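One structure is given here, and the rest of the page talks about it.
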Ligand code: TYM
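Residue numbers (my numbering): 3 to 329.
Right under this line is the structure:
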């Protein structure tokens with residue numbers, strides 16, 4: 003069985019972009035692959051975050067993973083900080099990285115280009131930590147949204163560099179992005195990705211949003227004045243985004259939705275999508291509340307940490323020998 007690994011940062015509430023770009027993919031893959039999914043809490047502190055928020059986000063995230071249909075019998079779900087080998091290999095990967103290549107990473111580049119102050123060294127060095135997250139487990143594939151692809155490319159380079167310098171140690175992983183829904187955009191500014199940190203909350207649908215409020219966000223989503231329902235992400239990005247959301251949540255191909263709406267208006271289409279989102283969130287939140295009450299989160303993390311540590315510790319021992327730490 004091929005192995006797959008991915009992670010998500012508990013920096014804010016999960017949104018529909020995370021669901022479509024990441025979690026819905028994980029769910030599909032859990033039957034075909036040996037999967038490892040972790041909460042990247044060490045990445046969350048690259049920007050200031052209160053401890054109580056980090057705790058809450060972390061717990062919510064795991065409960066949401068489970069509510070979205072990830073099965074802990076099939077997927078190893080764990081917390082990054084429960085496995086110290088991530089930080090240990092992270093340091094080694096930082097030392098394998100060049101300043102120039104980290105300066106080219108978009109997140110860091112964007113923040114410094116905007117002249118943001120208070121950019122931490124952690125934000126600068128987070129891509130090599132991400133490389134460590136991946137390489138500890140020798141996965142064949144890393145499913146991510148397109149925004150993370152650059153980091154998986156860096157991971158491949160660092161793995162090759164290490165293998166070349168010290169001898170074969172890491173498998174070279176492949177990024178895996180899907181065609182539909184690789185990137186979900188803001189409902190208010192369809193040029194920008196839907197994100198936890200977006201300025202306008204009307205642009206983002208959180209998985210824990212009140213379903214009725216989420217429906218309203220769909221109804222007021224920005225479209226265009228062409229008035230034709232077709233899938234044209236270049237000229238009608240807002241409409242294309244809505245069609246993608248509907249397609250992923252209902253499993254109906256975009257072409258089929260488009261043909262059902264031939265000659266009809268945006269209002270009617272938005273009503274259907276609003277209902278889809280309403281139903282999706284209501285169902286998800288009911289499961290989420292049950293899971294939070296059940297104590298399942300703690301149990302899943304305990305088992306996950308054990309399984310993940312076993313593999314990660316073996317790898318870090320190997321690395322420590324190769325670099326000359328072990329006497
Ligand atoms: P994060 O937490 O920003 O995002 C988690 C996953 O969700 C995807 N995503 C999106 N997909 C579609 N549309 C969007 N609007 C959207 N926003 C986010 C992301 O591409 C990602 O797949 N550095 C990573 C976490 C991480 C990681 C790893 C991932 C740490 N170590 C190792 C994979 C492997 C991050 O910040 O993702």
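Backbone N, C-alpha and C define an ideal beta-carbon position, used for all residues, glycine too. The model shown is predicted, which means the values in this text are computed figures rather than measured ones.
Distance between residue j and residue i (C-alpha atoms, nearest Å)
| i | j | result |
| --- | --- | --- |
| residue 102 | residue 23 | 29 Å |
| residue 233 | residue 149 | 22 Å |
| residue 187 | residue 194 | 6 Å |
| residue 87 | residue 199 | 29 Å |
| residue 132 | residue 100 | 15 Å |
| residue 260 | residue 287 | 29 Å |
| residue 15 | residue 56 | 10 Å |
| residue 170 | residue 319 | 14 Å |
| residue 242 | residue 122 | 36 Å |
| residue 173 | residue 108 | 25 Å |
Presumed contact (8 Å Cβ cut-off) between residue i and residue j, rounded CB distance
| i | j | result |
| --- | --- | --- |
| residue 178 | residue 145 | 4 Å |
| residue 209 | residue 223 | That belief does not hold up - the Cβ atoms of residue 209 and residue 223 are roughly 17 Å apart, past 8 Å. |
| residue 92 | residue 130 | 6 Å |
| residue 124 | residue 48 | 4 Å |
| residue 310 | residue 78 | 6 Å |
| residue 228 | residue 238 | 6 Å |
| residue 279 | residue 65 | Their Cβ separation, rounded to whole angstroms, is 20 Å, which puts residue 279 and residue 65 out of contact at 8 Å. |
| residue 139 | residue 7 | 5 Å |
| residue 25 | residue 67 | 7 Å |
Heavy atom of the ligand TYM within 8 Å of residue i beta-carbon
| i | result |
| --- | --- |
| residue 45 | yes |
| residue 228 | no |
| residue 232 | no |
| residue 7 | yes |
| residue 59 | no |
| residue 154 | yes |
| residue 67 | no |
| residue 50 | no |
| residue 127 | no |
| residue 195 | yes |
| residue 1 | Nothing in the structure corresponds to residue 1, since the chain is present only between 3 and 329. |
| residue 166 | no |
Outcome for residue i when other beta-carbon atoms lying within 10 angstroms are tallied against a minimum of 16
| i | result |
| --- | --- |
| residue 117 | exposed |
| residue 31 | buried |
| residue 272 | buried |
| residue 50 | exposed |
| residue 21 | buried |
| residue 28 | buried |
| residue 81 | buried |
| residue 307 | buried |
| residue 327 | exposed |
| residue 219 | buried |
| residue 70 | buried |
| residue 333 | With the chain covering 3 to 329 only, the question about residue 333 has no answer from this structure. |
| residue 211 | buried |
| residue 72 | buried |
Test: residue i CB closer than 9 Å to a CB of chain B
| i | result |
| --- | --- |
| residue 319 | Protein chains in the displayed structure number just one, and chain B is not present. |
Distance cut-off 8 Å: residue i Cβ against heavy atoms of the ligand MN
| i | result |
| --- | --- |
| residue 20 | In the structure shown, the ligand MN is absent; the only ligands present are the ligand TYM. |
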